[in-house]
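**Student:**
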Amino acid sequence: MTDPALTFPDQPRVELDRRITDLVGAAHDVLTAQGRLRALLAASHAITAELELDAVLRTIVESARDLTDADSAVLEVVGWNGEVEQRIRFGEGDDAEAADETAERILAVPVRVRGAVFANLHLRRRSGFTEEDEQLLGSLVATAGFAVEHARLYLETQRREEFAAASAEVTAALLAGHDDGGLSLVADRVRSLLEADSVFVALLDEGGSTLHIVAVGGDDPDGFRDSDVPLKGSLVEFVLHEKAPARFDEPALRALRMPDLDPYGAVLALPLDTADGVLGCILVTRAAGSRPFSEPDLTVAGDFATRTSLALELRRTRTDQERMLLFEDRGRIARDLHDRVIQQLFATGMQLQGVLGTLPEGRNAERVDAAITNLDASIAQIRRIIFTLSSPERVGGPPTGRHRILDVIGELGAALSVEPGITFAGPVDAVLDADLTADVLAVMTEGITNAVKHGRARDITVEVAATSAGITVTVTSDGRPIAQSPRRSGLANLQERAERRGGALTLSTIEGRTVLVWTAALRSTAVPARA
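For the working numbering, count along the sequence shown from 1 and bump the result up by 52.
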């Protein structure tokens with residue numbers, strides 16, 4: 053007996069076919085979903101694999117278009133003022149432009165970094181987007197936000213390394229003692245690293261009331277280079293008072309109502325602060341309408357300014373140490389000259405004086421006497437050298453009255469082709485203030501010049517003697533006598549200077565030598581100047 057063929061009723065068979073079709077469709081959807089998830093994973097990996105910010109942004113656009121099969125994709129980076137700062141497009145060239153115009157549905161999602169909108173991503177497709185597309189794109193831009201943040205951190209690390217290298221270069225230049233002190237290099241490096249338009253390096257004067265612009269990098273629209281600017285009422289005054297770097301955008305600058313700031317749209321103010329006080333400030337500027345400086349800009353630039361301040365302080369300390377060593381070395385030389393050379397010359401002079409006493413009058417006695425005179429002159433000259441070596445001006449301090457007198461003697465000698473001798477007696481430096489020194493220098497200049505030009509003198513000596521009552525300047529020369537003229541001559545001017553100080557001027561001839569004596573009182577004996 054043969055069995056008949058196995059058959060299904062029509063209705064169950066239809067149901068079975070439908071279920072098989074549903075299973076095949078579900079399996080296809082699962083495979084498609086798995087493929088898209090793998091594509092999302094690959095896109096996320098591609099985005100996070102990049103370190104450069106520009107490369108990250110390009111990868112975001114390309115990955116978003118490929119993941120959603122969009123006709124075109126555009127990423128618009130939002131600037132500081134809310135406007136589009138950068139636009140990155142990925143599509144099919146001219147076809148992409150045409151697709152944009154005919155697209156039925158636009159999908160736009162923000163790319164957020166730390167909660168703030170960094171950019172907006174726009175996708176266009178003629179057939180529109182599904183809810184699944186939106187979910188995949190949402191996951192992608194979340195990964196993109198982290199990638200952008202990492203790229204920013206990488207960029208900041210690079211900038212820190214660049215600033216560290218620049219700081220080392222600047223420190224070497226500052227300590228090397230370049231002609232401009234290395235501060236021009238400071239301005240150039242800061243301008244380059246911060247993409248600024250102008251950088252000004254300003255140092256405070258000793259009084260702390262004026263800023264001197266010692267270096268400028270880039271544009272100088274107001275001509276500040278090598279100029280002095282009052283500190284009071286300036287932008288720098290506030291920054292130096294706070295002793296902390298400050299950042300100003302364009303609205304903040306305009307609110308200050310300072311005309312000097314009109315050409316600028318953004319400013320970083322970086323104080324040069326040390327343990328001993330504020331040295332000055334670095335001003336970094338961008339032109340009006342430019343993007344402002346960011347907080348990372350302020351951080352790295354402030355760190356650079358701190359390093360520069362330390363380098364300036366180190367240079368000043370090293371200079372002080374070198375001056376001290378120089379002073380000690382000159383002091384040693386001065387002591388050696390005084391304790392050895394002068395003593396030996398003095399002993400030799402005493403021996404010659406003893407020999408002179410045993411010689412009869414004649415040529416030999418005259419020679420020994422001349423040798424003794426020369427030894428006395430040599431001792432006086434060595435004492436002047438000792439004083440010059442010990443002068444505070446030689447080690448960075450202000451010049452004393454004695455040193456200014458020695459300088460004038462040297463200048464007059466070179467100009468008049470003579471070599472005036474100079475001796476000091478009493479506390480000259482304690483008596484000479486700035487005004488009295490000016491009078492003494494005028495007396496010396498007039499007396500020596502007259503002796504050479506009018507008296508034809510070749511042997512001139514000057515003595516400056518100080519006492520508690522006053523000061524006396526004596527100019528003695530071998531020239532012929534000079535008569536005072538009734539007109540208002542240089543000698544009349546010296547006489548007026550003496551009378552104003554309660555002193556006098558005399559001109560006489562003693563043993564064939566012309567002697568000019570100028571005196572000045574120090575206290576109550578001085579009289580007011582003539583009208």
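Beta carbons: idealized from backbone N, C-alpha and C, even for Gly. Because the structure is a prediction, the values reported are computed rather than measured.
#1: Given a threshold of 16 other Cβ atoms within 10 Å of its Cβ, counted over all protein chains shown, does ARG539 qualify as buried or as exposed?
#2: Between ALA216, ALA254 and THR337, which lies nearest to LEU320 when the distance is taken from Cα to Cα?
#3: Go ahead and pull the three-state DSSP assignment for LEU256.
#4: So, do the stretch 283 to 298 and the stretch 342 to 358 have three or more beta carbon pairs nearer to each other than 8 angstroms?
#5: Which residue spans inside the stretch 228 to 297 form an unbroken beta strand (DSSP E) run of at least 3?
#6: In the DSSP assignment, the beta strand (DSSP E) including GLU515 goes from what residue to what residue?
#7: Return the chain-ordered list of same chain residues with a C-beta closer than 7 angstroms to the C-beta of ALA417, the five sequence neighbours on each side being excluded.
#8: In chain order, what residues of the same chain lie with their CB nearer than 8 angstroms to the CB of ARG456, ignoring the 5 residues before and after it?
#9: Just to confirm before moving on: does the CB-CB distance between LEU397 and SER430 stay below 8 angstroms?
#10: Taking buried to mean at least 16 other C-beta atoms within 10 Å of its own C-beta, is HIS174 buried or exposed?
#11: Return the chain-ordered ranges of every beta strand (DSSP E) run that is complete within the stretch 453 to 513 and spans a minimum of 3 residues.
#12: Within this structure, are the beta carbons of VAL268 and ARG277 separated by less than 8 angstroms?
#13: I need the straight-line Cα distance from PRO282 to ALA307, nearest angstrom please.
#14: Thinking C-alpha only, which one of TRP570, ALA318 and CYS333 is nearest ARG343?
#15: Which residues in the same chain as LEU235 place their Cβ atom closer than 7 angstroms to its Cβ, once the five residues preceding and following it in sequence are excluded?
#16: Figure out for me which residue from ASP328, CYS333, SER244 and ASP240 has the closest Cα to the Cα of SER286.
#17: Thinking just about the alpha-carbon of each residue, which of ARG204, GLU128 and LEU159 is nearest to the one in GLU186?
#18: Over the uninterrupted alpha helix (DSSP H) stretch that includes THR120, give me the two end residues.
#19: Assign LEU205 to one of two classes, buried (16 or more other C-beta atoms within 10 Å of its C-beta) or exposed (fewer than that).
#20: With distances taken from CA atoms, which of GLU201, HIS202 and GLU247 is nearest PHE215?
#21: Please classify THR371 as buried or exposed, where buried requires at least 16 neighbouring CB atoms within 10 angstroms.
#22: How long is the line joining the alpha carbons of ARG176 and THR111, rounded to whole angstroms?
#23: In terms of residue numbering, what span does the beta strand (DSSP E) encompassing PRO323 cover?
#24: Since I believe GLY190 is in contact with VAL165 (beta carbons under 8 angstroms), could you give me their beta-carbon distance rounded to a whole number of angstroms?
#25: Ignore the nearest five residues each way along the sequence and tell me which others in GLY564's own chain have a CB closer than 7 angstroms to its CB.
#26: Cα separation between ARG212 and LYS284?
#27: Can you give the Cα-Cα distance for LEU192 and ALA116, rounded to whole angstroms?
#28: Check whether the Cβ of LEU175 sits closer than 7 angstroms to any heavy atom of the ligand ADP, and report yes or no.
#29: If the criterion is Cβ atoms closer than 8 angstroms, does the pair GLY401 and ASP421 meet it?
#30: From the DSSP output, read off the bridge partner residues of GLY143.
**Tutor:** Once the coordinates are examined:
#1: Position 487 of the sequence shown, counted from the first residue, corresponds to residue 539. In this prediction, ARG539 scores a pLDDT of 44, lower than 50, which makes its location untrustworthy; the coordinate-derived value is nonetheless stated afterwards. The residue is exposed, with fewer than 16 neighbouring Cβ atoms inside 10 Å.
#2: Against the sequence shown, residue 320 aligns to sequence position 268. Selection ALA216, ALA254 and THR337 evaluated against LEU320 yields THR337 as nearest (Cα-Cα).
#3: One-based indexing of the sequence shown puts residue 256 at position 204. Of the three classes helix, strand and coil, the one that applies to LEU256 here is strand, per DSSP.
#4: yes
#5: 250 to 256, 262 to 270 and 280 to 282
#6: Taking the sequence shown and counting its residues from 1, the one referred to as residue 515 is at position 463. Run containing GLU515: 512 to 518, per the beta strand (DSSP E) assignment.
#7: In the sequence shown, the residue the question calls residue 417 occupies position 365. If we look at ALA417 and ignore the five residues flanking it on each side, its Cβ neighbours are LEU408 and LEU411.
#8: Position 404 of the sequence shown, counted from the first residue, corresponds to residue 456. Result list for ARG456: THR489 and LEU493, in chain order.
#9: If you number the sequence shown from 1, residue 397 lands on position 345. If you number the sequence shown from 1, residue 430 lands on position 378. For LEU397 and SER430, yes; Cβs fall inside 8 angstroms.
#10: The residue you call residue 174 lines up with position 122 of the sequence shown. That one is buried.
#11: 473 to 477
#12: Counting from 1 along the sequence shown, the entry for residue 268 is found at position 216. Counting from 1 along the sequence shown, the entry for residue 277 is found at position 225. In contact: VAL268 and ARG277 (Cβ atoms closer than 8 angstroms).
#13: The residue labelled residue 282 in the question sits at position 230 within the sequence shown. The residue labelled residue 307 in the question sits at position 255 within the sequence shown. Distance between the alpha carbons of PRO282 and ALA307 is about 20 angstroms.
#14: The residue labelled residue 343 in the question sits at position 291 within the sequence shown. For ARG343, the nearest C-alpha among the options comes from ALA318.
#15: In the sequence shown, the residue the question calls residue 235 occupies position 183. The residues are VAL253, VAL266 and ALA267.
#16: Sequence index remark: in the sequence shown, residue 286 carries index 234 (1-based). It is CYS333 whose Cα lies nearest to the Cα of SER286.
#17: To locate residue 186, count along the sequence shown from 1; it is residue 134. Checked all of ARG204, GLU128 and LEU159; the closest Cα to GLU186 is LEU159.
#18: Indexing the sequence shown from 1 puts residue 120 at position 68. First-last of the alpha helix (DSSP H) with THR120: 105 to 120.
#19: On the sequence shown, residue 205 is found 153 positions in, with the first residue counted as 1. By the neighbour-count rule (16 or more Cβ atoms within 10 Å), LEU205 is not buried but exposed.
#20: Within the sequence shown, residue 215 is the residue found at index 163, counting from 1. Between PHE215 and the set GLU201, HIS202 and GLU247, the nearest pair of CA atoms involves GLU247.
#21: Taking the first residue of the sequence shown as position 1, residue 371 is located at position 319. The residue is exposed, with fewer than 16 neighbouring Cβ atoms inside 10 Å.
#22: If you number the sequence shown from 1, residue 176 lands on position 124. If you number the sequence shown from 1, residue 111 lands on position 59. Whole-angstrom Cα-Cα distance: 17 angstroms.
#23: Here residue 323 refers to the residue found at position 271 when the sequence shown is read from its first residue. Element bounds for PRO323: 316 to 326.
#24: As a working note, residue 165 is residue 113 in the sequence shown. As a working note, residue 190 is residue 138 in the sequence shown. 15 angstroms between Cβ atoms; not a contact.
#25: On the sequence shown, position 512 is the one that residue 564 refers to. Excluding five sequence positions before and after GLY564, none of the CB atoms of its chain fall closer than 7 angstroms to its own CB.
#26: Indexing the sequence shown from 1 puts residue 212 at position 160. Indexing the sequence shown from 1 puts residue 284 at position 232. Roughly 34 angstroms separates the two Cα atoms.
#27: Reading the sequence shown from its first residue, position 140 is the one you call residue 192. Reading the sequence shown from its first residue, position 64 is the one you call residue 116. Rounded to the nearest angstrom, the two C-alpha atoms are 7 angstroms apart.
#28: Looking for the ligand ADP in the displayed structure turns up nothing, as the structure carries no ligands at all.
#29: Taking the sequence shown and counting its residues from 1, the one referred to as residue 401 is at position 349. Taking the sequence shown and counting its residues from 1, the one referred to as residue 421 is at position 369. No.
#30: Here residue 143 corresponds to residue number 91 of the sequence shown, with the count starting at 1. Answer is none; GLY143 lacks a bridge partner.
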